[in-house]
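**Student:** Residue numbers (the working numbering), protein chains in the order written: chain A, 112 to 366; chain B, 112 to 366. For glycine and all other residues, C-beta sits at the position ideal for the given N, C-alpha and C. This structure is a prediction, so every number in the text was calculated from the model and none was measured.
Following this line, the structure appears as structure tokens:
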């Protein structure tokens with residue numbers, strides 16, 4: 112996989128948010144404008160020797176540079192497929208995984224009445240309660256439909272989605288992986304601790320740690336943490352984008 | 112409320128989709144681009160004697176005419192507040208309610224473990240099962256938080272949202288109300304039957320009945336049904352917009 116430094120660099124970026132389908136007209140959305148990811152893509156693509164692939168959600172902002180290859184996805188399943196496809200076909204020097212990915216996908220819906228009716232058949236043990244609870248949900252049909260709109264109290268059953276970031280280093284151990292951690296209303300020390308855990312767990316080379324309460328338009332406090340625990344703090348989306356590009360390009364050259 | 116026909120007409124349009132909050136970074140979204148609603152707004156606003164207010168979701172397309180007053184909302188609660196505010200302050204000649212509105216909002220989340228543990232305390236009667244089921248859900252905190260991402264099987268509890276369309280004629284009995292009915296993959300006869308039911312239930316003067324499978328970009332089959340059960344069928348978003356404007360303006364003049 113080692114290539115001469117005069118080769119084109121290849122960069123994979125994910126940005127925006129995923130949508131998990133409820134039915135044809137509804138979904139569970141992770142909010143993300145894709146603005147930061149777009150800026151990072153533009154920053155890399157400013158160098159004509161760098162080729163950039165940008166995987167994005169449906170409502171995500173997209174970079175304007177026409178040299179950037181765009182791939183649109185909806186669900187976490189789509190994202191995993193697109194990332195796997197890219198990483199098995201080409202060698203990427205850097206993967207910047209900034210997408211806001213859903214932690215859960217919907218597996219079934221049930222009215223309260225349906226749940227209670229099913230639970231009444233249980234003998235009160237953990238095993239039967241669990242079986243009857245699960246059995247009361249109507250599986251989500253991937254075909255065309257709208258869920259009923261006439262139920263007073265409704266329940267959704269959801270399962271954990273696969274963690275896309277886990278697969279990146281499995282597919283390309285030598286890529287430089289930049290993970291993202293967004294928390295809401297925490298102390299910087301706690302944010303950095305969580306970022307370092309994410310780094311170890313997913314074999315990231317860098318983690319951009321940020322707090323939603325410190326993001327407002329282009330003002331965006333972000334701490335870019337490296338594997339030694341050192342970090343640089345940036346104050347705008349543009350500065351974060353430049354910081355990520357500088358660090359990862361330098362990181363690649365020193366490999 | 113009767114006004115001279117030389118008065119400015121005032122039109123209220125809702126468009127795009129609502130988002131019900133899960134937490135600071137996730138929501139339940141109703142998909143709608145707001146493209147048709149925007150075209151309807153532009154069509155009305157083409158006449159300078161007509162003033163248009165456009166209530167829209169966050170990611171909705173918006174009409175370009177700067178004379179149109181824009182009001183952005185997120186949830187069904189916000190929508191009801193905005194519509195009520197408009198209709199109590201001003202007299203609107205026509206209300207076109209094209210927004211894709213969520214039927215449910217999230218009231219609580221629970222892990223499977225939490226649900227089972229709570230159900231184990233039930234004596235097996237409907238009453239205690241119901242109490243314990245409901246009691247196992249952690250209420251949605253409207254403050255800042257992210258729901259846990261580490262639960263294998265998760266449940267959401269949802270309640271029916273208030274029907275915004277029910278309130279329009281209560282607030283302004285003399286307005287001309289255009290309701291929308293979107294179904295997925297049904298026969299035209301069934302679609303028209305459902306549209307007529309919506310008309311009676313919500314005191315609409317017109318209902319635009321359409322099927323998601325017959326919408327693709329600007330190609331958009333829509334049946335504009337009136338209170339007599341007669342309908343006109345249009346084939347593009349532009350034609351639907353023109354049809355709604357023509358019929359409602361004519362409708363007002365004949366009042």
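#1: CB-CB under 6 angstroms to residue 324 of chain B, same chain, minus the five flanking residues each way: which ones, in chain order?
#2: For residue 323 of chain B, go through chain A and note every residue whose CB falls closer than 9 angstroms to its CB, in chain order.
#3: Ignore the nearest five residues each way along the sequence and tell me which others in residue 112 of chain B's own chain have a CB closer than 7 angstroms to its CB.
#4: Does DSSP put residue 155 of chain A in a helix, a strand or coil?
#5: Mind checking the stretch 187-205 of chain A against chain B and listing, in chain order, the residues whose C-beta falls within less than 8 angstroms of any C-beta there?
#6: Could you give the residue range of the alpha helix (DSSP H) that holds residue 280 of chain A?
#7: If the cut is a Cβ gap below 8 angstroms, which residues of chain A does residue 170 of chain B touch?
#8: By the DSSP assignment, the beta strand (DSSP E) with residue 346 of chain A in it spans what residues?
#9: Of all the options A:192, A:301, A:275, A:320, which has the alpha carbon lying nearest to the alpha carbon of residue 292 of chain A?
#10: When the cut-off is 9 angstroms and only beta carbons count, does residue 214 of chain B lie next to chain A?
#11: From residue 335 of chain A to residue 169 of chain A, what does the alpha carbon distance come to, in whole angstroms?
#12: Between residue 205 of chain B and the rest of its own chain, which residues show a CB-CB distance below 6 angstroms, the 5 nearest in sequence each way excluded?
#13: How about residue 128 of chain B and residue 211 of chain B: do their beta carbons lie closer than 9 angstroms?
#14: Quick test of your reading: residue 282 of chain B and residue 198 of chain B, contact by CB under 8 angstroms. State the CB separation rounded to the nearest angstrom.
#15: Kindly indicate if chain A contains any beta-carbon less than 9 angstroms away from that of residue 307 of chain B.
#16: Straight-line CA distance for residue 195 of chain A to residue 207 of chain A?
#17: Compare the C-alpha of residue 289 of chain B against each of B:280, B:317, B:310, B:306 and name the closest.
#18: Does DSSP put residue 223 of chain B in a helix, a strand or coil?
#19: Ignore the nearest five residues each way along the sequence and tell me which others in residue 340 of chain B's own chain have a CB closer than 7 angstroms to its CB.
#20: In chain order, what residues of the same chain have a beta carbon less than 7 angstroms from the beta carbon of residue 146 of chain B, not counting five sequence neighbours either side?
#21: Assign residue 131 of chain B to one of three DSSP states: helix, strand, or coil.
#22: If you draw a straight line from the alpha carbon of residue 191 of chain A to that of residue 275 of chain A, how long is it in whole angstroms?
#23: Am I right that residue 223 of chain A and residue 249 of chain A are in contact with their C-beta atoms under 8 angstroms? What's the rounded C-beta distance?
#24: If you reduce the DSSP assignment to three classes, tell me which class residue 237 of chain B lands in.
#25: Can you check whether the C-beta of residue 291 of chain A is within less than 9 angstroms of a C-beta belonging to chain B?
#26: Just reading off the alpha helix (DSSP H) that residue 310 of chain A is part of, what are its end residues?
#27: To the nearest angstrom, report how far apart residue 227 of chain A and residue 184 of chain A are at their CA atoms.
#28: To which residues of the same chain is residue 247 of chain A closer than 6 angstroms at the C-beta, ignoring the five residues directly before and after it?
#29: Please confirm whether residue 244 of chain B and residue 257 of chain A have their CB atoms less than 9 angstroms apart.
#30: Compare the C-beta of residue 260 of chain A with all C-beta atoms of chain B and state if any pair is closer than 9 angstroms.
#31: For residue 231 of chain B, count the other beta carbons within 10 Å of its own beta carbon; 16 or more makes it buried, fewer makes it exposed. Which is it?
#32: If you drop the 5 nearest sequence neighbours on each side, which residues of the same chain put their C-beta closer than 7 angstroms to that of residue 262 of chain A?
#33: At least one CB of chain B closer than 9 angstroms to the CB of residue 300 of chain A: is that the case?
#34: For residue 120 of chain A, write down the residues that DSSP places opposite it in a beta bridge.
#35: Going by DSSP, what residues sit across from residue 265 of chain B in a beta bridge?
#36: What residue range is occupied by the uninterrupted alpha helix (DSSP H) comprising residue 190 of chain A?
**Tutor:** The short version:
#1: 296
#2: 135, 136, 255, 257
#3: With a pLDDT of 44 at residue 112 of chain B, under the threshold of 50, the predicted position of this residue should be treated as unreliable, though the coordinate-derived value follows. The answer, listed in chain order, is 202, 285.
#4: helix
#5: none
#6: 275-282
#7: 170
#8: 342-347
#9: A:320
#10: yes
#11: 27 angstroms
#12: 122, 287, 359
#13: yes
#14: 4 angstroms
#15: no
#16: 14 angstroms
#17: B:317
#18: helix
#19: 307
#20: 172, 348
#21: strand
#22: 6 angstroms
#23: Not a contact, Cβ separation roughly 13 angstroms.
#24: helix
#25: no
#26: 299-312
#27: 37 angstroms
#28: 221, 225, 226, 229
#29: no
#30: yes
#31: exposed
#32: 222
#33: no
#34: A:161
#35: A:269, B:222
#36: 187-200
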